[in-house]
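Numbering (our numbering), first residue to last: 33 to 117.
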């Protein structure tokens with residue numbers, strides 16, 4: 033999940049940067065916990081040109097499974113920092 037050429041899409045790097053700027057003294061584990069909690073709360077979606085939303089399952093085959101696996105990895109890395117306090 034890397035940077036995209038479309039400036040209106042939020043990438044995983046953008047999400048990490050947002051949490052790091054809001055919580056500059058947070059550890060990597062705490063950032064991972066925040067990202068996992070956010071991704072669990074806000075399902076993956078893409079914004080269409082018309083302003084509508086498309087669920088992750090319609091974006092591409094395997095996307096929901098990939099997102100769920102990434103959330104699991106973030107939670108494992110976060111360890112005791114998950115859930116965020």
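Each residue gets a CB set at the ideal place from its N, CA and C atoms; glycine is no exception.
Helix, strand or coil at residue i according to DSSP, with G and I counted as helix
| i | result |
| --- | --- |
| residue 56 | coil |
| residue 104 | helix |
| residue 116 | coil |
| residue 93 | coil |
| residue 44 | helix |
| residue 33 | For residue 33, the pLDDT reaches just 44, beneath the cut-off of 50, and the residue's location in the model is therefore unreliable, leaving the point undetermined. |
Cβ-based burial, residue i [other Cβ within 10 Å; buried from 16]
| i | result |
| --- | --- |
| residue 101 | exposed |
| residue 54 | exposed |
Residue of the options minimising C-alpha distance to residue i
| i | options | result |
| --- | --- | --- |
| residue 107 | 70, 94, 74 | 70 |
| residue 44 | 66, 56, 59 | 66 |
| residue 97 | 112, 114, 72, 110 | 72 |
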